[in-house]
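Contents: one structure, followed by commentary.
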Amino acid sequence: MGGNTLSIVEFDELPSPAHFFSHVESKSIPAVFHGCVKHWKCFSKWNPCKGGLDYLQERAGSSIVEAMLSRTAPVFYGDLRSHERVPLLFSVFVSSCKKLRSSDNGSGVSVEQEVVGVTEPTLEEETCLPSTSSLHQVYLAQVPIVNLENKEKSQLEILREDIQMPKILKAKILTSINFWMNNAKSRSSTHYDPDHNLLCVVAGCKQVVLWPPSAVSSLYPMPIYSEASNHSCVDLEKPDLSTHSRAQNSMMYSHKVTLQAGDALFIPEGWLHQVDSDDVTIAVNFWWRSSIMTSLPEHMDAYYLRTILRRLVKTEMDQMLYQTSISIENSGQEDSCQVDDGQGQREHNLEKNSYSEQSQGTIKNKRITIRQMDTVSLQALHQLVSLVHDGVNIARQSEQLQSTPMEDECKKDVHPNSFCLEDDPVAKVISALEPLQLQNVLLGMVHNFPRTLEALILQMLSPASSEVLTRKFDEIDQLTSQGNRDEFYQAVYGVFDDQFAAMNAVLNGKESFARQAFKNVLDKYLGVNFDGQKL
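If you're matching positions, the sequence shown starts at 1 in full-length UniProt numbering and goes up one per residue.
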């Protein structure tokens, strides 16, 4: 996730369907269409300032709609634990909007008169409805005007003729057209939808904050198995950073849009959004399935799931290491061992020769002496030797290592749970080396400190250092010939009495690193946290 690199496209008029698909929908980027709703019948007929509430009450007042009654109003969460769906006579809700506007009359807002023939519901009619005192907790959210997935009659189908189908959607297979209306300022919690969405504001104003799907980790999605898996756990007004630390970066990736009456916003599938609505705001939205989702055959789901998870894991592995790469590059060699053997200048002069010769010459039967190594490789060699000695608590002089076998203490795991460079000095040393420098260092250990190399691989490699080492091996493979590669690995693994044990140590560490990255992915993107349980 590289910051706020995506931008919202804006249009002063609706583009052609072909342009919309090729430049907006297929790229999954949001778009604002200014004024595209102003020629619809509903734009004038539903306008609260021009008798719109009277019109709606007369036209659809007798309809029973399913309203969202929230215990957390004015914030409305998608989780069923925080709200319930209740039947409500549409005219009762419209009356609540009128009362709100009537109370605001002192600020210049007009008061609508009751339409002749439209009566308030009787007490009997209200018994199954929310009490008048709770109407401020009610939001008409996603009330169907047209529902193509459900053959039952839609609750506000009578309003369909006031809506015009946008030309960019004429070739789309819609799943539903919905009515949205609030009587007081409200907010829908941060969530994403599984379909493409065209949100059209008919009256009032909405402020929308959008995040690309790649930013979902900073918004802590509900667990994938939860009833409201498409909603965020974070209170963006007052995030608990002790629980949701990544949320402090969430606004870096956000886009803010203000929609006035007559404007429309395309929200691609998967884009998270939080919507704030002003008093008495009315909107209509259109949902349709993306071409990507409709073209996926079901029998391929498991494959695509594994492929996408693998890609996310690879990215997470890069991020786990990248967090410290800048500090390593900027630190220079300040922490390197300073070797005073009287040959500093000579080693500096030999640097190019040794580096080039090793990459081009043959490795077999070629003994790499300390004095042949370039300065950087020599410093890294001494660091690794010191780390092995410190790790196994053997206080011996480096010249004794060639003849002294490693003791049983070497069998201890020194850094078994290190997953980042900052926590692992061995990984930091290996990471700071160029691939062919690392090759020189390992060959220097083969020829001068074989038991130390054995302890390094079998006892000192953490998951992070195993990952770094295998990445460096891949880079060495790209820079050397097949013959040199074979000779190099034969020389390194030839040190070990059990070569398979050495390879297993490296691969087990690498897989442990990938497993941790997988756990991070499940936590960040699927909201699944194993809390230390074995996976």
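We put the beta carbon where it would ideally sit given N, CA and C, even for glycine.
Rounded C-alpha distance that separates residue i from residue j
{"i": "Q379", "j": "V429", "result": "10 Å"}
{"i": "S7", "j": "P297", "result": "31 Å"}
{"i": "V9", "j": "C200", "result": "16 Å"}
{"i": "T127", "j": "L526", "result": "Its pLDDT being 36, under 50, T127 is placed unreliably by the model, and nothing is read from it."}
{"i": "V528", "j": "G270", "result": "18 Å"}
{"i": "L381", "j": "R515", "result": "30 Å"}
{"i": "T452", "j": "M445", "result": "7 Å"}
{"i": "I177", "j": "A141", "result": "12 Å"}
{"i": "S188", "j": "V284", "result": "15 Å"}
{"i": "Q137", "j": "T72", "result": "8 Å"}
{"i": "S28", "j": "T190", "result": "18 Å"}
{"i": "H348", "j": "Q439", "result": "In this prediction, H348 scores a pLDDT of 36, lower than 50, which makes its location untrustworthy; the coordinate-derived value is nonetheless stated afterwards. If I take the Cα positions, the gap works out to 18 Å."}
{"i": "R160", "j": "N47", "result": "16 Å"}
{"i": "L321", "j": "A31", "result": "36 Å"}
{"i": "C49", "j": "Y55", "result": "11 Å"}
{"i": "F518", "j": "Q319", "result": "12 Å"}
{"i": "V109", "j": "M317", "result": "Because V109 sits at a pLDDT of 41, beneath the cut-off of 50, its placement in the model cannot be relied upon, and the following sentence gives the value as read from the coordinates. About 57 Å."}
{"i": "S250", "j": "Y192", "result": "15 Å"}
{"i": "S418", "j": "I308", "result": "26 Å"}
{"i": "E329", "j": "S26", "result": "Any reading at E329 must be qualified, since the residue scores a pLDDT of 38, below 50, and its modelled position is unreliable; the value itself is stated next. Rounded to whole angstroms, E329 to S26 spans 39 Å at the Cα level."}
{"i": "H196", "j": "D301", "result": "20 Å"}
{"i": "V313", "j": "V521", "result": "6 Å"}
{"i": "K185", "j": "A261", "result": "16 Å"}
N- and C-terminal bounds of the beta strand (DSSP E) containing residue i
{"i": "I282", "result": "281-288"}
{"i": "H19", "result": "Counting along the chain, H19 falls outside any beta strand (DSSP E), though it belongs to the alpha helix (DSSP H) covering 17-23."}
Endpoints, alpha helix (DSSP H) assigned at residue i
{"i": "L174", "result": "Taken as a continuous stretch (DSSP letters only), L174 belongs to no alpha helix (DSSP H), being part of the beta strand (DSSP E) at 174-182."}
{"i": "I292", "result": "291-295"}
{"i": "V492", "result": "482-493"}
{"i": "L479", "result": "463-479"}
{"i": "Y525", "result": "499-526"}
{"i": "V376", "result": "375-391"}
{"i": "E454", "result": "450-455"}
{"i": "I368", "result": "Neither: I368 is in no alpha helix (DSSP H) and is coded neither H nor E."}
{"i": "R59", "result": "52-60"}
{"i": "K27", "result": "Where K27 is concerned, there is no enclosing alpha helix (DSSP H), given that its DSSP letter is neither H nor E."}
{"i": "I158", "result": "Note, I158: premise wrong, no alpha helix (DSSP H); not H, not E."}
Which residues DSSP lists as bridging residue i, in chain order
{"i": "K256", "result": "V209"}
{"i": "F76", "result": "S188"}
{"i": "V65", "result": "L88"}
{"i": "V32", "result": "E10, L265"}
{"i": "residue 537", "result": "The structure shown does not extend to residue 537, since the chain is modelled only from 1 to 535, so the question has no answer here."}
{"i": "V275", "result": "S188, V208"}
{"i": "H196", "result": "W288"}
{"i": "H83", "result": "S70"}
{"i": "Y139", "result": "M68, N182"}
{"i": "P223", "result": "Bridge partners of P223: none, in fact."}
{"i": "A203", "result": "I282"}
{"i": "H231", "result": "H191"}
Nearest-angstrom beta carbon gap, residue j and residue i [assumed within contact, 8 Å]
{"i": "L210", "j": "H273", "result": "5 Å"}
{"i": "I368", "j": "L443", "result": "4 Å"}
{"i": "G204", "j": "T281", "result": "3 Å"}
{"i": "V388", "j": "M460", "result": "6 Å"}
{"i": "L156", "j": "I145", "result": "5 Å"}
{"i": "V139", "j": "N182", "result": "Going by the sequence as given, residue 139 is Tyr instead of Val. Their Cβ separation, rounded to whole angstroms, is 5 Å, which keeps Y139 and N182 in contact under 8 Å."}
{"i": "V376", "j": "Q437", "result": "6 Å"}
Report task. Give a yes or no on contact between the stretch 20-30 and the stretch 236-244, applying the rule of three or more CB pairs nearer than 8 Å. Result -> Between the stretch 20-30 and the stretch 236-244 there are fewer than three C-beta pairs closer than 8 Å, too few to call the two in contact.
Query raised in the report: Can we say the stretch 68-80 touches the stretch 93-103, given the rule of at least three CB pairs closer than 8 Å?
Result: Cβ pair count under 8 Å is below three, so no.
Query raised in the report: On the three-pair Cβ rule with 8 Å, is the stretch 457-469 touching the stretch 502-511?
Result: Taking 8 Å as the limit for Cβ pairs, the verdict is that the stretch 502-511 does touch the stretch 457-469.
Report task. Decide if the stretch 32-45 is in contact with the stretch 62-72; the criterion is three or more beta carbon pairs, one per stretch, under 8 Å apart. Result -> No: the two stretches stay apart, fewer than three of their Cβ pairs being nearer than 8 Å.
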